[in-house]
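Number of protein chains: 2
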Amino acid sequence: MREATSREIKEIARRHLVAHGAAGVSLRAIAREMGMTAPGLYRYFASLHDLLDSLRADLFTELTDAVAAAQAALPEDDTDGRVLAALRAVRAWALGNRAEFTLLFGPAVTDTGPEEDSPAAVAGQRFAAAFVSLFDRLLAEGRFAPPPAEPEASAELRAQLDAFAACTGFTGDHASDAATRFMLRSWVRFYGLVCMEVFRHLGFVADDLGALFEAELRDLVTGLGVVYRAP
Amino acid sequence: MREATSREIKEIARRHLVAHGAAGVSLRAIAREMGMTAPGLYRYFASLHDLLDSLRADLFTELTDAVAAAQAALPEDDTDGRVLAALRAVRAWALGNRAEFTLLFGPAVTDTGPEEDSPAAVAGQRFAAAFVSLFDRLLAEGRFAPPPAEPEASAELRAQLDAFAACTGFTGDHASDAATRFMLRSWVRFYGLVCMEVFRHLGFVADDLGALFEAELRDLVTGLGVVYRAP
DNA sequence: TAAGCTTAGTTAACGCTGGTAACCACCGGT
DNA sequence: ACCGGTGGTTACCAGCGTTAACTAAGCTTA
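The structure is reproduced here in structure tokens:
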């Protein structure tokens, strides 16, 4: 009952998101489409910001599920295939859901930084955990040796890496400063690759940058000890 | 006279941009601050979108100037230093002007894609040209050999690379498909690095990710035949 | 069965937004 | 003395998030 209405609201909100961007999601328009008035929506969400945050949480789990589904088709022990499938699943979801990806990974709309305990934040951490576990698996299999930290690595950097590891749950037996650092580097690189394509900053090139993506992916996973395989 | 008013409008708009984000720039608030009424601003800009586009153009040239200024302090023949200084200048400007960087390099606010002939677009191309010329210089000096294209490189990819080269003005004697591809890959990687930091998706780590940036920068420029040098 | 509380929704209102139309006052040129 | 353009104004439209006050059900409990 109540849950169904809540879902319908988010469903309509998502349609407006893809149609007009994040700024085009309005309570009044949603209410109008539902045959309601805007204040009625406040029975379900404390504010527009809360609605969007809840929507973000849903989208994070949808993306996480897509990543899991892509891996489910492969045998359990096919680590190479799972890594490639997971990364490709992220790109595919991002391209198929540009507005949603922007909401999740675009610039933080609030200047207060991301809230620690919001539903979207915890869903985002579960998404991150999926890739952390894959990275941990590569480490466990001894696929590669993370480049040792330079001697001039400051204590400040070390503290930052510890915070990152703690936040993403990268605290297994194979965790180390060097490993954390390499995981972060790999993720940053992949993030930029997808962002560039989704944000259309390469729009003058073409709509489908699949070939470039695959070339970068090959380079990226090779550094992680994964043998590349064409899609 | 008229030019001065136009500049004042954009100046105030920029203040509102950094204070409340791109969505917080409103004609009425600007007019109020100027002791005017909102419709008066339409004598200077056809719409809010036009104002933001003009502001984008200004910011692109400001960033381009910052990159040039960083290089100006170095001797003319110090290619390594110039490359490092230029890339560091982009990061420094981005961190010092987060909201402005987001406006330039964040997700495209319009769903119609970037307009071809808007003032911001041409200013953006001049910004790109600064790095294209640096890349061309590295090629001219034979600093590195761009990795040869895989045999399975499709004709589609080739066409995309040609479009990219034409759009960025990368048409010198040293231009080739392999070179264009490597330039694009390098830029995408750098873009992701800066975006991740500016968009605060690593906010849980720390505010200053300088050490991580330098580590990535070292890896990146080394691949371009530039000998790394600490800042 | 009647009283009372909770829930889901309403209307009315405040103050804000971008944008348009009509109008006005000034200032330079003929 | 008149005329046109420039730089503004007021009045208005439609839309926005949010709050306050209220109403109509439905369920609980004495």
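Chains as they are written, first to last, in full-length UniProt numbering: chain A, 1 to 231; chain B, 1 to 231.
No residue lacks a Cβ here, since even glycine has one placed at the ideal position from N, Cα and C.
Note that the structure is a prediction, hence the values are computed from the model and not measured.
{"Check": "Coarse secondary structure for S54/A, derived from DSSP in three states", "Outcome": "helix"}
{"Check": "Nearest-angstrom Cβ-Cβ length linking L134/A and A86/A, presumed shorter than 8 Å", "Outcome": "6 Å"}
{"Check": "Within 9 Å of chain A by C-beta, residues of the segment 184-200 of chain B in sequence order", "Outcome": "L184, R185, W187, V188, R189, F190, Y191, G192, L193, V194, C195, M196, E197, V198, F199 and R200"}
{"Check": "Nonlocal neighbours in the same chain, by C-beta distance under 6 Å from Y182/A, ignoring five residues either side", "Outcome": "Per the sequence shown, the amino acid found at residue 182/A is Phe instead of Tyr. Answer for F182/A: P146, listed in chain order."}
{"Check": "Collapsed DSSP secondary structure at R189/A in the structure displayed", "Outcome": "helix"}
{"Check": "Expected contact under 8 Å - CB spacing of A31/B and L41/B to nearest Å", "Outcome": "6 Å"}
{"Check": "Interface residues of chain A facing P107/B [CB-CB closer than 7 Å]", "Outcome": "T102, G106 and F199"}
{"Check": "Closer than 8 Å to chain B by CB, E33/A", "Outcome": "no"}
{"Check": "Rounded separation between A108/A and A22/B - CA only", "Outcome": "11 Å"}
{"Check": "For V122/A, the first and last residue of its enclosing alpha helix (DSSP H)", "Outcome": "P119 to A140"}
{"Check": "Alpha-carbon spacing of G24/A relative to G225/A, whole angstroms", "Outcome": "44 Å"}
{"Check": "Straight-line gap, H20/B to E116/B (C-alpha atoms, nearest Å)", "Outcome": "28 Å"}
{"Check": "With 16 other Cβ atoms within 10 Å as the buried cut-off, status of D136/B", "Outcome": "buried"}
{"Check": "Whole-number beta carbon distance between S176/A and A211/B, since they are thought to touch under 8 Å", "Outcome": "Contact flag wrong, Cβ pair sits at about 16 Å."}
{"Check": "Test item: CB-CB of V122/A and G169/A under 8 Å", "Outcome": "no"}
{"Check": "Where A149/B sits in the DSSP three-state scheme", "Outcome": "coil"}
{"Check": "Distance CB(V188/B)-CB(L193/A) smaller than 8 Å", "Outcome": "yes"}
{"Check": "First and last residue of the uninterrupted alpha helix (DSSP H) at T37/A", "Outcome": "Element bounds for T37/A: n/a, residue is neither H nor E."}
{"Check": "Whether F213/A touches R91/A by CB criterion (8 Å)", "Outcome": "yes"}
{"Check": "Identity of the residue in A230/B, S26/B and E197/B nearest R98/B by Cα", "Outcome": "E197/B"}
{"Check": "N-terminal and C-terminal residue of the alpha helix (DSSP H) that D77/B is part of", "Outcome": "Note, D77/B: premise wrong, no alpha helix (DSSP H); not H, not E."}
{"Check": "D162/B - containing alpha helix (DSSP H), residue span", "Outcome": "A155 to T168"}
{"Check": "Three-way DSSP call (helix, strand, coil) for R1/B in this model", "Outcome": "It should be pointed out that residue 1/B corresponds to Met in this sequence rather than to Arg. Coil, per DSSP."}
{"Check": "Counted within 10 angstroms of its Cβ, other Cβ atoms place A70/B as buried (16 or more) or exposed", "Outcome": "buried"}
{"Check": "Contact check, E216/A vs R185/B, beta carbons under 8 Å", "Outcome": "yes"}
{"Check": "Cross-chain neighbours of L17/B in chain A, by beta carbon under 7 Å", "Outcome": "Those do not exist, as L17/B stays about 11 Å from chain A at its closest Cβ, beyond 7 Å."}
{"Check": "Helix, strand or coil at H16/B according to DSSP, with G and I counted as helix", "Outcome": "helix"}
{"Check": "L202/A versus T102/A: straight-line alpha-carbon distance, rounded", "Outcome": "16 Å"}
{"Check": "DSSP-derived helix/strand/coil call for E115/A", "Outcome": "coil"}
{"Check": "Interface positions of the UniProt domain \"HTH tetR-type\" (3-63) of chain A facing chain B (Cβ-Cβ less than 7 Å), listed along the chain", "Outcome": "G21 and A23"}
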